[in-house]
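Asks: In numbering that gives the first Met the number 0, the protein residues as written are 0 to 340.
We treat Cβ as the ideally placed atom computed from N, Cα and C, and that holds for glycine.
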Amino acid sequence: MPASHRIRRPRIYRPTATNLARLAAALRRGAIVGVPSETVYGLAADALSPEACARIFEAKGRPTTDPLIVHIASASDLDRVAIADERAWRLARACWPGPLTLVLPKRPAVPDLVTAGKNTVAVRVPAHLQFRRLIRLSGRPLAAPSANPFGYISPTTAAHVRDSLVGTSLKAVLDGGECAVGVESTIVDLSRPQGRPRLLRPGGLPVEEIERILREPVSRPGNVRVAAGTAAPAPGMLARHYSPRTPLKLYSRIDAATIAALPSGDAALLLRRPRDVKEFAGRVRWLSESGQLKAIARNLFAMLRALDTAGWRCIHAEMPSGSDGLALAIRDRLTRAAARR
Ligand code: TXA
Ligand code: MG
Numbered sequence: 000m001p002a003s004h005r006i007r008r009p010r011i012y013r014p015t016a017t018n019l020a021r022l023a024a025a026l027r028r029g030a031i032v033g034v035p036s037e038t039v040y041g042l043a044a045d046a047l048s049p050e051a052c053a054r055i056f057e058a059k060g061r062p063t064t065d066p067l068i069v070h071i072a073s074a075s076d077l078d079r080v081a082i083a084d085e086r087a088w089r090l091a092r093a094c095w096p097g098p099l100t101l102v103l104p105k106r107p108a109v110p111d112l113v114t115a116g117k118n119t120v121a122v123r124v125p126a127h128l129q130f131r132r133l134i135r136l137s138g139r140p141l142a143a144p145s146a147n148p149f150g151y152i153s154p155t156t157a158a159h160v161r162d163s164l165v166g167t168s169l170k171a172v173l174d175g176g177e178c179a180v181g182v183e184s185t186i187v188d189l190s191r192p193q194g195r196p197r198l199l200r201p202g203g204l205p206v207e208e209i210e211r212i213l214r215e216p217v218s219r220p221g222n223v224r225v226a227a228g229t230a231a232p233a234p235g236m237l238a239r240h241y242s243p244r245t246p247l248k249l250y251s252r253i254d255a256a257t258i259a260a261l262p263s264g265d266a267a268l269l270l271r272r273p274r275d276v277k278e279f280a281g282r283v284r285w286l287s288e289s290g291q292l293k294a295i296a297r298n299l300f301a302m303l304r305a306l307d308t309a310g311w312r313c314i315h316a317e318m319p320s321g322s323d324g325l326a327l328a329i330r331d332r333l334t335r336a337a338a339r340r
């Protein structure tokens, strides 16, 4: 086959010093690079270059009405991109590096494309060491959404990124192992100094922890659903998102009788390992040994992706009950993943 007809697959790079230097140079030249983080893998570009960031939107097929998160190596760089007040600093000191994104008034240096023309910018310091090293080496803040085609399941390994962005301008993915948290960062809007902090997306940092640090309640807008195509307050808020192509049905509990009654060709995804595994042949999977929310969050996207590519007709999945701690983020992702087009 002539080289020009070969489909280009992004290459995966081990996090050696040489590779980090090479990828940092690529970022400085305006390329996009797949990057590991503790939450999910990101698709990074120089946040101060509209040309570089345009490549992110193109590769993801993401509408430009949907703004990007800006990643910095340390809280001491926050002033370069945003205007932080006392509350923002308190959260930054307590939670960074970590799975918390703050929405704050933006500095003029941040291009309109990154913020979708808003006067606010979303910022976070990731906990993943190799990602932070790459930000430092590149010498720029890096804009990065999750590295999935728009609307599809978020990636939690380098291979997920490579496999779902074949044929785009993405050439390189930094391999930082499996994501430790497994769901995206929690997004809190602190852009109105007088107003109450608002939860825009539940995520890896429980909102109760944020309330404890701020010593004030964070308003939860509820399950805000926004139709595709309209500007969302945060498109984690799109009704349908994180979605497998296989139909997904949700249950508060799936027991042996439910499984026995499923049509052949359907799979069940449980929150914990069932006692009588053998009975169910190959069509039952589980997200944790005994229901630990951290394990469920860590395994959720990879398991949905594996089930989605295995040819099942329908996936029947259990949802955790309750809405505190990580349960809120897990329920949010499953609910949107199951929403109809
Ligand atoms: O964990 C994460 O946050 C990952 C990793 C790579 O850091 N990133 C991530 O990015 O989840 P993305 O683009 O998939 O989701 C970012 C969300 C979007 O829903 C976007 O609308 C919202 O952040 N967002 C970005 N800037 C915003 C702003 N100025 N105001 C409100 N929402 C904003
Ligand atoms: Mg995303």
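What is the C-beta distance between LEU169 and LEU22, in whole angstroms, given that I count them as a contact (C-beta under 8 Å)?
Replies: Not quite, the Cβ-Cβ distance comes to about 12 Å (not below 8 Å), so this is no contact.
Asks: Spatial neighbours of ARG197 within its chain, please: CB distance less than 6 Å, with the 5 preceding and 5 following residues excluded, ordered by chain position.
Replies: So the list reads ASP188, SER218, once near-sequence residues are dropped.
Asks: I'd like the span of the beta strand (DSSP E) that includes ILE186, first residue to last.
Replies: Where ILE186 is concerned, the enclosing beta strand (DSSP E) stretches over 185 to 188.
Asks: Under a three-way DSSP split, which group does LYS105 fall into?
Replies: Three-state result, LYS105: strand.
Asks: Should VAL203 and GLU183 be called a contact, given that it needs their Cβ atoms to be closer than 8 Å?
Replies: Reading the sequence as shown, one finds Gly at residue 203 and not Val. Contact flag set, yes.
Asks: Are the C-beta of GLU317 and some C-beta of chain C separated by less than 8 Å?
Replies: In the displayed structure, chain C is absent; only one protein chain is listed.
Asks: Measuring CA to CA, which of ARG61, ALA143, THR119, ASN118 is closest to ALA30?
Replies: Of the candidates ARG61, ALA143, THR119, ASN118, the one whose C-alpha sits nearest the C-alpha of ALA30 is ALA143.
Asks: For ALA20, which residues in the same chain have their Cβ closer than 8 Å to its Cβ, ignoring the five residues on either side in sequence?
Replies: Same-chain partners within the cutoff: LEU136.
Asks: If we call anything under 8 Å between Cβ atoms a contact, is GLY175 one with PRO14?
Replies: A contact, by the Cβ cut-off of 8 Å.
Asks: Straight-line CA distance for GLY150 to ALA255?
Replies: Rounded to whole angstroms, GLY150 to ALA255 spans 32 Å at the Cα level.
Asks: With distances taken from CA atoms, which of ARG7, GLY324, GLN291 is nearest LEU164?
Replies: LEU164 has its Cα closest to that of ARG7, out of ARG7, GLY324, GLN291.
Asks: Around the Cβ of ASN118, are there at least 16 other Cβ atoms within 10 angstroms (buried) or fewer (exposed)?
Replies: Exposed.
Asks: Can the beta-carbon of LEU173 be found closer than 8 Å to that of VAL32?
Replies: Yes, the pair counts as a contact, with Cβ atoms nearer than the cut-off.
Asks: Looking at C-beta atoms only, is the number of pairs between the region 242 to 257 and the region 289 to 299 that lie closer than 8 Å three or more?
Replies: Flag = no, the region 242 to 257 and the region 289 to 299 do not touch.
Asks: Is THR114 helix, strand or coil by DSSP?
Replies: Of the three classes helix, strand and coil, the one that applies to THR114 here is helix, per DSSP.
Asks: How would you call GLN129, buried or exposed, if buried means at least 16 neighbouring beta carbons within 10 angstroms?
Replies: With 16 or more other Cβ atoms within 10 Å, it is buried.
Asks: For ligand 2, any of its heavy atoms closer than 7 Å to the Cβ of GLU57?
Replies: False, no ligand heavy atom lies under 7 Å from that Cβ.
Asks: Do three or more CB pairs link the region 99 to 106 to the region 44 to 56 at distances below 8 Å?
Replies: They do not touch, by the three-pair rule.
Asks: Alpha helix (DSSP H) containing LEU261: first to last residue?
Replies: Per DSSP, LEU261 belongs to no alpha helix (DSSP H) and is neither H nor E.
Asks: Could you compute how far the alpha carbon of GLY310 sits from the alpha carbon of ARG284?
Replies: Spanning the two alpha carbons is a distance of roughly 14 Å.
Asks: Among ASN298, SER322, SER75, which one has its Cα closest to the Cα of THR155?
Replies: Of ASN298, SER322, SER75, the residue nearest in Cα terms is ASN298.
Asks: May I ask which residues mark the beginning and end of the alpha helix (DSSP H) holding THR342?
Replies: What is shown of the chain runs 0 to 340, which leaves residue 342 out entirely.
Asks: Taking the CB atoms as reference points, tell me whether ARG252 and GLU177 lie closer together than 8 Å.
Replies: Contact: no.
Asks: Determine the extent of the alpha helix (DSSP H) in which VAL124 is found, giving its start and end residues.
Replies: No alpha helix (DSSP H) holds VAL124; DSSP gives it neither H nor E.
Asks: Does the beta-carbon of ASP174, which I'm using as the reference point, lie nearer than 7 Å to any heavy atom of ligand 1?
Replies: False, no ligand heavy atom lies under 7 Å from that Cβ.
Asks: Tell me the DSSP secondary structure of CYS386 in three-state form.
Replies: Shown here, the chain extends from 0 to 340; a query on residue 386 therefore has no answer.
Asks: Report all residues from its chain with a CB closer than 8 Å to the CB of TYR12; omit the five preceding and five following residues, and keep chain order.
Replies: These residues qualify, in order along the chain: ASN18, ARG21, LEU22, ALA171, VAL172, LEU173, ASP174.
Asks: Can you tell me the Cα-Cα spacing of ARG330 and PRO319, whole angstroms?
Replies: Answer to the nearest angstrom: the Cα atoms are 7 Å apart.
Asks: Within its chain, find whatever has a CB closer than 6 Å to the CB of PRO205; leave out the 5 residues flanking it on each side and keep chain order.
Replies: So the list reads GLY324, once near-sequence residues are dropped.
Asks: Whose C-beta lies closer than 8 Å to the C-beta of LEU26 among residues of the same chain, with five residues either side of it excluded?
Replies: Contacts found: VAL32, ALA43, ALA44, ASP45, ALA51, LEU133, SER137, ARG139, LEU141.
Asks: Quick one: what's GLU317 bridged to in DSSP?
Replies: In the DSSP output, where bridge partners are listed per residue, GLU317 has TYR250.
Asks: Roughly how many angstroms lie between the CA atoms of ALA338 and ALA16, to the nearest whole one?
Replies: Each residue's alpha carbon lies about 43 Å from the other.
Asks: Considering only their Cβ atoms, is the gap separating HIS70 from GLU106 smaller than 8 Å?
Replies: Looking at the sequence shown, residue 106 is not Glu but Arg. No, Cβ-Cβ distance for ARG106 and HIS70 is not below 8 Å.
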